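> Numbering-wise (my numbering), the sequence shown opens with residue 2 and increments by one.
Handing you this structure, nothing more for now.
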Amino acid sequence: MIKNFIRIAWRNLLKNKGFTAINIIGLSLGIGCFIVIAMFVSDELSYDKHNAHIDNLYRVHSDIVFGGTELIMALSSDPMGETLKRDYPDVEQYARVFAASGSKLIKNKNEYIEENSVVHADSTLFDVFTLPAIAGNTKTALNEPNTVVITESTAIRYFGSAQEAVGEFLETNDNTRTLYEVTAVIEDMPKNAHFRRDFFFSMDNVEYGYGNYLSHNFYTYVRLRDGADYKAFNANFPEVIDKYIVPQAQQYMQIESMDDFEKGGNYLSYALFPVKDIHLKSSRYAELSANSNIQYVYIFSAVALFILILACINFMNLTTARSSGRAKEVGIRKVLGTGKKALIGQFLTESILISILALIIGLLFVKLSLGWFNGMSGKEMEMSNLLTPEFIIFLILFPFMVGTFAGIYPAFFMSRFQPVTVLKGKLGTGHKKNTLRNFLVIFQFTTSIILIVGTVVIYKQLNYIQNSKVGFNKEQMLLVNNSGVPQETRKSLRDEIEQLTDVVSASFAGFLPVSDSSRSDTTFSTEAVMTESNGFNMQFWPVDYDYLDNMEMEMLEGRFFSREFGSDSMSVVLNETAVQLSGLKDPVGKNLYQTNARGDVYTVKIIGVVKNFNYESLRENVGALSFRLADNSWVSAYRFKTADVAGLVDTIEAKYKEVAPGMPFNYSFMDESFDNMYRQEQRVGSVAVTFAILAIIIACLGLLGLATYIAEQRTKEIGVRKVLGASVTNIVKMLSKDFVKLVLIAFLIASPIAWWFMNKWLQDFAYRINLDWWIFAVVGLLALLVALFTLSFQAIRAALSNPVNSLRME
2 MIKNFIRIAW RNLLKNKGFT AINIIGLSLG IGCFIVIAMF VSDELSYDKH
52 NAHIDNLYRV HSDIVFGGTE LIMALSSDPM GETLKRDYPD VEQYARVFAA
102 SGSKLIKNKN EYIEENSVVH ADSTLFDVFT LPAIAGNTKT ALNEPNTVVI
152 TESTAIRYFG SAQEAVGEFL ETNDNTRTLY EVTAVIEDMP KNAHFRRDFF
202 FSMDNVEYGY GNYLSHNFYT YVRLRDGADY KAFNANFPEV IDKYIVPQAQ
252 QYMQIESMDD FEKGGNYLSY ALFPVKDIHL KSSRYAELSA NSNIQYVYIF
302 SAVALFILIL ACINFMNLTT ARSSGRAKEV GIRKVLGTGK KALIGQFLTE
352 SILISILALI IGLLFVKLSL GWFNGMSGKE MEMSNLLTPE FIIFLILFPF
402 MVGTFAGIYP AFFMSRFQPV TVLKGKLGTG HKKNTLRNFL VIFQFTTSII
452 LIVGTVVIYK QLNYIQNSKV GFNKEQMLLV NNSGVPQETR KSLRDEIEQL
502 TDVVSASFAG FLPVSDSSRS DTTFSTEAVM TESNGFNMQF WPVDYDYLDN
552 MEMEMLEGRF FSREFGSDSM SVVLNETAVQ LSGLKDPVGK NLYQTNARGD
602 VYTVKIIGVV KNFNYESLRE NVGALSFRLA DNSWVSAYRF KTADVAGLVD
652 TIEAKYKEVA PGMPFNYSFM DESFDNMYRQ EQRVGSVAVT FAILAIIIAC
702 LGLLGLATYI AEQRTKEIGV RKVLGASVTN IVKMLSKDFV KLVLIAFLIA
752 SPIAWWFMNK WLQDFAYRIN LDWWIFAVVG LLALLVALFT LSFQAIRAAL
802 SNPVNSLRME
């Protein structure tokens, strides 16, 4: 019987090629979109799952609020891991990662390469994470100073093979040349790890004050024993604070206990956070890599499901729209003895067959679009991702599930036709009982409107960010890394380049108001003895005399650093937020105090106040910041004014090569670095607009199906109206008005839902647009126009049909 069902189904599909093509195209688009997003979601959820002990791996997070400044960090202090392992049996192992060094110049043959994928780590890192060794012994590989572990691809780049790399040396140039012995080679880190690095240098080469619980510069990972509850373990951190941190804090701060510290509105806490959740649920200061957001996984999952449902709805509408054409077939088959179950089986077979064909075309759509989607989303997905057992089972069952879901209603609908009624040509009962189909159209356009509103809001917010006055001029600013230039020649090189005709100004700029720039937090107090009420944290940036003018920032009070004042080395310039947190009135000329861990107190004078500028993402409010006069010559910033940017870069590169032959010339533009802070939103916006367009196309196909159905049901009515003198315009209005009502209902439903979702999304930004009413009005009007444009084809066709043909059917 199944074989017969398939044969008949195939004949019916070939007999109605136009209907079949529209159905398969709509369904294949929906299936293709669903699979692409399913691959994206699966990839997002797979991060760090390759680790053998993933369910027991955690990172120590730090939350510090002091003097009104909040630090939510992925970092902790350097002795934290050892302390937890020593004092608490639940901790089986710990490992630290130090990434503050940023990049290293590593010699390859006769030239140096700036490698950014570097960290310092403990040998225990390879006990905590699953990083299989290809050569060498990772358990002891980093126990000694001047040792390094590299990945396989790095070993091939530098030494030709992994086996040949072990025992060889890498030369770095970090102001002084250092030789590191390659003691092990590991497999390349998986793409779906929350951080990926190619070089792991020994932690013994990091200069830090061991035992300092107050300086937070290390990523600390711990592996708990099986069965340990990390939430229960977090209850131990107050004990750690009281036992180790408070005694150190008392060396430079006048407090008796944490209770005293908290009385001033301050806060300090630590917690373990699951490594498997870092990629999607952690967005802290100093993340090792740019993480994603679990909200986008939820959103894209919902979009994928809705688009698939839209495609299935189209199938229902288009199939039922053809029902009158197959009514006589059903009537004859029933007269000849075919039962209701057999008819349902026949129609479901057709539905599943269409789904199988749509799946094949959908997979072709996935293959063709995957490279484009990877470019938009920043992923590296491949078709081979579908070859996992889970995906294979899913793809086998998928057409049967979709075919059954999409075909169940048409199957039951058409199998209920009464032979006597349909053979008399009396199938149509008017347009009264279209409740389900009306609901489906409303659902389609509600979903589409929500997607379009979301896309418009995302793009408006990104445009607002890119055109906001952030307190400095990010345009026409060239940033050049000086790491390969000898320290003693950096200033003379900068001064020489500043004399170029196309260069307006120049300064050293190690600390910049863009992502991936250096950051330095320091604690100050308004009195010589720091207490819980007079201390506060703020950013502490070393700059040169020309920094403010070059960045085109604005002074509000006092002055910036000047070569005319020799005492400026012990002075600071604050921003407005820092003045507010300090509580100082008329701050210029007043003192602030720094206290180090030994208890030594340094006095600095406030000489000026700079207007607030956004030195972090516009998701955040402007924090407290101070400038000090000091060397920060690892980056130079050149403000230029020329149309020949490439020529200017070539000229500057030539001058760098003169003083630093064999060293890499690395540069960027500040506006690009600024835009990179919002790369995730840009990617989401691109993906959203694509799927919004696809949702509209699919919804219009569904609307076309319903219009076709209604026109068939009202064929005789249209004929009678034309005979009685109705014009084409009147008939088009008659057929369209009901659909206009459906779109308006969809708009009324979609608007509050879209407002709620986008208002929630905008809460992540401290600086954001308003959700103006006209955004919703324009989107609603657009949806209505698209619907009317789609309807016009079928409505005009029905209105122009010959009434004689329709009345002859009676």
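By construction, the Cβ of each residue, glycine as well, lies at the ideal position given by its N, Cα and C atoms.
Owing to the predicted nature of the structure, the values given are computational and were not obtained by experimental measurement.
1) Compare the C-alpha of Asn468 against each of Ser124, Ile770, Ile55, Phe41 and name the closest.
2) Here's the rule I'm using: 16 or more other beta-carbon atoms within 10 Å means buried, otherwise exposed. How should Gln764 be labelled?
3) Quick check on the DSSP output: what are the complete alpha helix (DSSP H) runs of length 4 or more inside the segment 456 to 502, in order along the chain?
4) Helix, strand or coil for His844? Go by DSSP, reduced to three states.
5) Let's see if you can read the secondary structure: which residues bound the beta strand (DSSP E) around Ser63?
6) Tyr639 and Val481: beta carbons closer than 8 angstroms?
7) Could you name the residues of the same chain whose beta carbon sits closer than 7 angstroms to that of Ile694, not counting the 5 residues immediately before and after it, in chain order?
8) Span of the beta strand (DSSP E) holding Arg97?
9) What first and last residue would you give for the beta strand (DSSP E) that runs through Tyr113?
10) In angstroms, rounded to a whole number, what distance separates the CA positions of Ile797 and Leu365?
11) Hey, Gln445 and Leu360 are a contact pair by Cβ (cut 8 angstroms); roughly how many whole angstroms apart?
12) Using the three-state DSSP reduction, which class does Pro665 fall into: helix, strand or coil?
13) DSSP on Ser124, reduced to helix/strand/coil?
14) State the Cα-Cα distance for the pair Glu682 and Val457, rounded to the nearest angstrom.
15) Might you give, ordered along the chain, the residues of its own chain that have their beta carbon closer than 8 angstroms to the beta carbon of Arg178, omitting 5 neighbours on each side?
16) Go ahead and label Thr430 buried or exposed: buried means 16 or more other beta carbons lie within 10 angstroms of its beta carbon, across all protein chains shown.
17) Nearest to Leu309 by alpha carbon, out of Glu288, Met402, Ser293, Ala250?
18) Note the first and the last residue of the continuous alpha helix (DSSP H) segment covering Thr578.
19) Name the one or two DSSP bridge partners that Leu225 has.
20) Quick one: give me the first and last residue of the beta strand (DSSP E) that Ile157 is part of.
21) Say yes only if the C-beta of Asp261 is nearer than 7 angstroms to one or more non-hydrogen atoms of the ligand FAD, and no if none qualify.
22) Drop a sphere of 10 angstroms on the beta-carbon of Lys140, count the other beta-carbons inside from all chains shown, and report buried for 16 or more, exposed for fewer.
23) Alpha carbon to alpha carbon, how far is Gln255 from Thr532?
24) Which of helix, strand or coil does DSSP assign to Asp49?
25) In chain order, what are the residue ranges of uninterrupted beta strand (DSSP E) at least 3 long that sit wholly in the segment 286 to 326?
26) Roughly how many angstroms lie between the CA atoms of Lys658 and Ser508, to the nearest whole one?
27) Among residues of its own chain, excluding the 5 on either side of Leu132, which ones have a beta-carbon nearer than 6 angstroms to its beta-carbon?
28) Keeping to the same chain, check which residues put their C-beta closer than 7 angstroms to that of Tyr214; ignore five residues upstream and five downstream.
29) Can you tell me which of the three DSSP states Glu528 falls into?
30) Check for me: the alpha helix (DSSP H) holding Asp677 runs from which residue to which?
31) Quick one: what does DSSP say Asn439 is sitting in, helix, strand or coil?
32) Is it the case that the Cβ atoms of Phe537 and Phe67 are separated by a distance below 8 angstroms?
33) Roughly how many whole angstroms lie between the Cα atoms of Glu497 and Lys105?
34) Three or more C-beta pairs under 8 angstroms: does that hold for the segment 635 to 654 against the segment 584 to 599?
35) Leu365 bridges to which residues according to DSSP?
36) Which whole-angstrom value describes the C-beta separation of Ala75 and Tyr286, a residue pair presumed to lie in contact below a C-beta threshold of 8 angstroms?
In this structure, then:
1) Ile770
2) exposed
3) 491 to 499
4) Outside the displayed range of the chain (2 to 811) lies residue 844, so it cannot be described from this structure.
5) 58 to 67
6) yes
7) none
8) 92 to 99
9) 112 to 116
10) 35 angstroms
11) Going by Cβ atoms, the distance from Gln445 to Leu360 rounds to 21 angstroms, so no, they are not a contact pair.
12) coil
13) coil
14) 12 angstroms
15) Glu172
16) Bear in mind that a pLDDT of 46 at Thr430, under 50, signals an unreliable position, so the model cannot answer this.
17) Met402
18) 577 to 583
19) Val92
20) Segment 153 to 160 is the alpha helix (DSSP H) holding Ile157; no beta strand (DSSP E) there.
21) Absent from the structure shown: the ligand FAD. Ligands present: none.
22) exposed
23) 5 angstroms
24) coil
25) none
26) 20 angstroms
27) Ile187
28) Ser78, Pro80, Tyr245, Ile246, Gln249
29) coil
30) Checking the sequence shown, residue 677 turns out to be Asn, not Asp. Element bounds for Asn677: 671 to 677.
31) helix
32) yes
33) 26 angstroms
34) no
35) Its beta-bridge partners do not exist; DSSP assigns none.
36) 7 angstroms
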